[in-house]
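Chains as they are written, first to last, in this note's numbering: chain A, 1 to 111; chain B, 1001 to 1121.
Ideal Cβ placement from N, Cα and C applies to all residues, glycine included.
Here the structure comes first, spelled out in structure tokens, and everything after it is commentary.
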Amino acid sequence: GQQVMQIPQYQHVQEGEDFTTYCNSSTTLSNIQWYKQRPGGHPVFLIQLVKSGEVKKQKRLTFQFGEAKKNSSLHITATQTTDVGTYFCAGPVDSSYKLIFGSGTRLLVRP
Amino acid sequence: GAVVSQHPSWVICKSGTSVKIECRSLDFQATTMFWYRQFPKQSLMLMATSNEGSKATYEQGVEKDKFLINHASLTLSTLTVTSAHPEDSSFYICSARDTTNLAGGAYNEQFFGPGTRLTVL
Chain A
1 GQQVMQIPQY
11 QHVQEGEDFT
21 TYCNSSTTLS
31 NIQWYKQRPG
41 GHPVFLIQLV
51 KSGEVKKQKR
61 LTFQFGEAKK
71 NSSLHITATQ
81 TTDVGTYFCA
91 GPVDSSYKLI
101 FGSGTRLLVR
111 P
Chain B
1001 GAVVSQHPSW
1011 VICKSGTSVK
1021 IECRSLDFQA
1031 TTMFWYRQFP
1041 KQSLMLMATS
1051 NEGSKATYEQ
1061 GVEKDKFLIN
1071 HASLTLSTLT
1081 VTSAHPEDSS
1091 FYICSARDTT
1101 NLAGGAYNEQ
1111 FFGPGTRLTV
1121 L
């Protein structure tokens, strides 16, 4: 069945260092979404990418959608303690509005 | 953005009892809501799609007789865990799409409720 994997599973960085999480889908996606879940909280939508090769930026966060629309990445420049949480990518199941979530990357930031 | 609430935020119950969790869209109408389950340090697993006015559709491996879903109005979906057992202990989260996009979000964006932490003793 359709699978969405993320690497790494965990990342522990020093505040100020950069961070990247990679998302890989077994199937081509019409769009990819990124969510952030703080410890004890619920997922919060960050962004959606639709076009092949699309790159979007939100302050220190840079999101990229691969040319083949099967992979994506999230890069955080100069991490801050407020970046702590688990970052999930998610893509639609087939052509539906259902989402399949990636395995997630948990980011820990040492102050 | 659109707001989704869940009630209760946490519940502890004895094995064999049933627990009802409510999911409400507060400022938009949701013809479709989704129910997820999340075990500690794991990803979200979609359990079922709740459709207003019709039967829910369940993902493979999810027992529909155990996890009863009712979507009686455009703003409310309920998940009832029947005859709960300790292995049902988990974080249950609902989400909804704002199909009218009145909240101005991205198309396909799902708004998540705060979740319900269920502990079955």
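Quick check on this structure: which residue in the options has the alpha carbon closest to the alpha carbon of residue i?
{"i": "B/Ser1083", "options": "B/Thr1032, B/Thr1017, B/Leu1074 and B/Ser1005", "result": "B/Thr1017"}
{"i": "A/Ser73", "options": "A/Asp83, A/Ile7, A/Thr28 and A/Phe101", "result": "A/Ile7"}
{"i": "A/Thr21", "options": "A/Gly40, A/Thr77 and A/Arg110", "result": "A/Thr77"}
{"i": "A/Asn24", "options": "A/Gly53, A/Ala90, A/Leu61 and A/Gly40", "result": "A/Ala90"}
{"i": "B/Asn1070", "options": "B/Lys1041, B/Ser1009 and B/Lys1020", "result": "B/Lys1020"}
{"i": "A/Thr28", "options": "A/Pro39, A/Glu15 and A/Gln2", "result": "A/Gln2"}
{"i": "B/Thr1078", "options": "B/Phe1111, B/Leu1044, B/Ile1093 and B/Gly1061", "result": "B/Ile1093"}
{"i": "A/Ser30", "options": "A/Arg106, A/Glu67, A/Gln9 and A/Arg38", "result": "A/Glu67"}
{"i": "B/Leu1044", "options": "B/Thr1119, B/Ser1090, B/Val1120 and B/Asp1098", "result": "B/Ser1090"}
{"i": "A/Pro39", "options": "A/Ser95, A/Asp94, A/Pro111 and A/Thr81", "result": "A/Thr81"}
{"i": "A/Ile32", "options": "A/Gly102, A/Arg110 and A/Leu107", "result": "A/Gly102"}
{"i": "B/Pro1040", "options": "B/Lys1014, B/Ala1096, B/Phe1111 and B/Asp1088", "result": "B/Asp1088"}
{"i": "B/Trp1035", "options": "A/Pro43, A/Lys36 and A/Trp34", "result": "A/Pro43"}
{"i": "B/Val1062", "options": "B/Thr1049, B/Leu1118 and B/Lys1014", "result": "B/Thr1049"}
{"i": "A/Pro92", "options": "A/Arg110, A/Thr105, A/Pro111 and A/Trp34", "result": "A/Trp34"}
Once DSSP output is grouped into helix, strand and coil, what is the label at residue i?
{"i": "B/Glu1087", "result": "helix"}
{"i": "B/Thr1078", "result": "strand"}
{"i": "A/Thr62", "result": "strand"}
{"i": "A/Thr77", "result": "coil"}
{"i": "A/Thr114", "result": "Here chain A comprises residues numbered 1 to 111, so residue 114 of chain A is not present and cannot be evaluated."}
{"i": "A/Gly91", "result": "strand"}
{"i": "B/Phe1039", "result": "coil"}
{"i": "A/Ile38", "result": "Sequence inspection shows Arg at residue 38 of chain A; the Ile mentioned does not correspond to that position. DSSP places A/Arg38 in coil when its eight states are reduced to three."}
{"i": "B/Pro1114", "result": "coil"}
{"i": "A/Tyr97", "result": "coil"}
{"i": "A/Pro111", "result": "coil"}
{"i": "A/Val44", "result": "strand"}
{"i": "B/Phe1034", "result": "strand"}
{"i": "A/Leu49", "result": "strand"}
{"i": "B/Ser1054", "result": "coil"}
{"i": "B/Ala1096", "result": "strand"}
{"i": "B/Leu1046", "result": "strand"}
I'd like to confirm the pairing. Which residues does DSSP put opposite residue i in its beta bridges?
{"i": "B/Asn1070", "result": "B/Thr1078"}
{"i": "A/Asn31", "result": "None, per the DSSP bridge assignment."}
{"i": "B/Val1120", "result": "B/Cys1013"}
{"i": "B/Glu1022", "result": "B/His1007 and B/Thr1078"}
{"i": "A/Tyr10", "result": "A/Arg106"}
{"i": "A/Phe19", "result": "A/Ile76"}
{"i": "A/Met5", "result": "A/Asn24"}
{"i": "A/Lys56", "result": "A/Phe63"}
Establish whether the CB of residue i and some CB of chain C are separated by less than 9 Å.
{"i": "A/Gln33", "result": "Checking the listed chains, one finds no chain C in this structure; the protein chains it contains are A and B."}
Quiz item: Of the residues that make up the segment 1085-1097 of chain B, which ones have a beta carbon closer than 7 Å to any beta carbon in chain A?
Solution: Ile1093 and Arg1097
Exercise. Spell out a yes or no on whether the segment 1018-1027 of chain B and the segment 52-61 of chain A are touching, meaning 3 or more CB-CB pairs, one atom from each, closer than 8 Å.
Key: no
Quiz item: For the segment 1017-1038 of chain B, which residues have a beta carbon sitting closer than 9 Å to at least one beta carbon of chain A?
Solution: Thr1032, Phe1034, Tyr1036 and Gln1038
Quiz item: Taking any Cβ of chain A, which residues in the segment 1063-1080 of chain B have a Cβ under 9 Å from it, in chain order?
Solution: none
Self-check item: Proximal residues, the segment 97-108 of chain A versus chain B, C-beta separation under 9 Å
Solution: Tyr97, Lys98, Leu99, Ile100, Phe101, Gly102, Ser103, Gly104 and Arg106
Quiz item: If contact means a Cβ-Cβ distance below 8 Å, which residues of the segment 36-59 of chain A contact chain B?
Solution: Gly41, His42, Pro43, Val44, Phe45, Ile47 and Gln48
Quiz prompt | chain A contacts from the segment 1044-1055 of chain B (Cβ-Cβ distance under 9 Å) | solution = Leu1044, Met1045, Leu1046 and Thr1049
Exercise. Taking a Cβ distance cut-off of 9 Å, strictly less, list which residues of the segment 71-101 of chain A are near chain B, in chain order.
Key: Thr86, Phe88, Ala90, Pro92, Val93, Ser96, Tyr97, Lys98, Leu99, Ile100 and Phe101
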